[in-house]
Structure formats: structure tokens, C-alpha cells
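Numbering-wise, UniProt numbering puts 119 at position 119 of the sequence shown, and it's gapless, one number per residue.
Glycine is no exception: its CB is placed at the ideal position from the N, C-alpha and C atoms.
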Amino acid sequence: MKLHSNKYQTRKLQVSEVLLLLLLTFFMLSSCNKDDNNCQGIECLPPATQTGAGTFGCLVNGVPYVDNSGFFNCFYQLVDGEYYFNISPNFSNKIFRELDLGCNGVNFAEMSSFNLEISNDGSGSATFSVTNELRDISTNLNYNGICQITYFNDATNVISGTFEFEVFDEVTQTLYVITEGRFDTYFTQ
Numbered sequence: 001m002k003l004h005s006n007k008y009q010t011r012k013l014q015v016s017e018v019l020l021l022l023l024l025t026f027f028m029l030s031s032c033n034k035d036d037n038n039c040q041g042i043e044c045l046p047p048a049t050q051t052g053a054g055t056f057g058c059l060v061n062g063v064p065y066v067d068n069s070g071f072f073n074c075f076y077q078l079v080d081g082e083y084y085f086n087i088s089p090n091f092s093n094k095i096f097r098e099l100d101l102g103c104n105g106v107n108f109a110e111m112s113s114f115n116l117e118i119s120n121d122g123s124g125s126a127t128f129s130v131t132n133e134l135r136d137i138s139t140n141l142n143y144n145g146i147c148q149i150t151y152f153n154d155a156t157n158v159i160s161g162t163f164e165f166e167v168f169d170e171v172t173q174t175l176y177v178i179t180e181g182r183f184d185t186y187f188t189q
């Protein structure tokens, strides 16, 4: 009879161990999902690749703005002897719904960066469209930045780059600092 009692106790320990293991697994899995869904800052941005991945991301005052759709407009075209570049990602549930970043008169085969200030030959600009309002906030001589083209292949139509800039919203008197900007996509010619 004592032998039967030991078997019962041993079996009871195994069941409690299994329950404990299941509870630990449940807590570990739920905490991993929570961490993955609440990324912060730069960890939310797509990697800085050079493959035509269809990604765009930056931090706006530390808040991630990401468009991984691959459906944003990006072109690099030669018109009347001058090159024009523009990329326009869209953002949902953000202060800004769209960003237009581009330049005029820059041949990426000869020059791999351009200033973001006022768009004219040899330089570019960055403009945010304010969500639910008919107004834009743009770079200018006082609030500006730079865009660096890190990869350009006009045979495969792949372009990648990094950028940073500042814009000032006159209406709300808010300075927006854009950092860690990166894009990697295909462009049309």
C-alpha cells in the first residue's frame, strides 16, 4: 500500500510540474508579444537596406513614422536636361499624413547628396502635409537638413538614402526634428 501511495505522490508532482511549465510558457509568450507590439524609437524603423525593399522610415521628435507598403510614389526623371527626384510616403494615424522629399537639378551619378531647404536647382526640400488640414510645413533657409543617396542604380531603378532635417510649424509654434531617416525603394523614370 505504501508503494501505491508513492506512485500517486510521484504522479501528483508531475502534474504540478506540467502546470507550472504551462503557466511559465504562457507568461513568457504574452510578454514577448507585448514587447514586439510596443516598439519605441529607432527599433520601429525599417533597416537601412539597399535592395529596393519598398521601405521608408524616420523619427519625428522621436516618434517613428514608417511606410513599408512599397506603394509610395518615387521618381527620378530627366526632363528638359534636368533631373527631378521625389519620394512621397504616407503615414496613418500620425500628425503628418504625407512627406514629400525631393530635389531639382541633381544628377545622382555625379552628386550623392543634396540640401533640404528651398527647392531649386542643385538643392531640395522636405514638406509635411498636416493631417486633416489643408496646410503644409516645409524646410526653408532657417529650418533645413540634408539627404544622402547611399545607393543609386539607374539600370535596376533602385534608390536608397538617409536624411535628417527640421521644420517649424508657425501655426502651433512647434519645432519638428526629423532624424534617422531612411528609404530603400524602386523609382520610375
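Straight-line Cα distance separating residue j from residue i
i: glutamine 50; j: asparagine 107; result: 19 angstroms
i: asparagine 142; j: glycine 81; result: 30 angstroms
i: methionine 111; j: glutamine 77; result: 15 angstroms
i: asparagine 104; j: glutamate 166; result: 20 angstroms
i: threonine 185; j: isoleucine 95; result: 24 angstroms
i: glutamate 180; j: phenylalanine 163; result: 7 angstroms
i: phenylalanine 56; j: glutamate 98; result: 12 angstroms
i: phenylalanine 152; j: phenylalanine 168; result: 30 angstroms
i: isoleucine 178; j: threonine 139; result: 11 angstroms
i: serine 125; j: asparagine 38; result: 32 angstroms
i: glycine 102; j: isoleucine 146; result: 11 angstroms
i: alanine 48; j: threonine 188; result: 21 angstroms
i: threonine 174; j: glycine 122; result: 28 angstroms
i: leucine 79; j: isoleucine 118; result: It should be noted that the sequence gives valine, not leucine, for residue 79. Each residue's alpha carbon lies about 20 angstroms from the other.
i: isoleucine 149; j: glycine 52; result: 13 angstroms
i: asparagine 115; j: threonine 156; result: 25 angstroms
i: arginine 182; j: leucine 134; result: 26 angstroms
i: isoleucine 159; j: serine 69; result: 16 angstroms
i: asparagine 86; j: asparagine 144; result: 17 angstroms
i: proline 64; j: proline 89; result: 13 angstroms
i: tyrosine 176; j: threonine 127; result: 12 angstroms
Exposure label - residue i; buried when at least 16 CB within 10 Å
i: leucine 59; result: buried
i: asparagine 132; result: exposed
i: serine 92; result: exposed
i: alanine 109; result: exposed
i: glutamate 170; result: exposed
i: glycine 62; result: exposed
i: phenylalanine 71; result: exposed
i: glycine 161; result: buried
As assigned by DSSP and simplified to three states, the class of residue i
i: cysteine 74; result: strand
i: cysteine 44; result: helix
i: serine 112; result: coil
i: phenylalanine 152; result: strand
i: phenylalanine 27; result: Interpretation of phenylalanine 27 is limited by its pLDDT of 32, a score under 50 that renders its predicted location unreliable; the figure taken from the coordinates is listed afterwards. It is helical.
i: glycine 54; result: coil
i: aspartate 80; result: coil
i: glutamate 117; result: coil
i: valine 177; result: strand
i: arginine 97; result: strand
i: asparagine 90; result: strand
i: phenylalanine 187; result: coil
i: residue 243; result: Since the displayed the chain opens at 1 and closes at 189, residue 243 lies outside it and no answer follows.
Any chain C beta carbon closer than 8 angstroms to residue i
i: valine 158; result: In summary, chain C is missing from the structure at hand, where a single protein chain is found.
Residue i Cβ short of 7 angstroms to the ligand SAM heavy atom set
i: glutamine 148; result: In the structure shown, the ligand SAM is absent, as is every other ligand, since no ligand is present at all.
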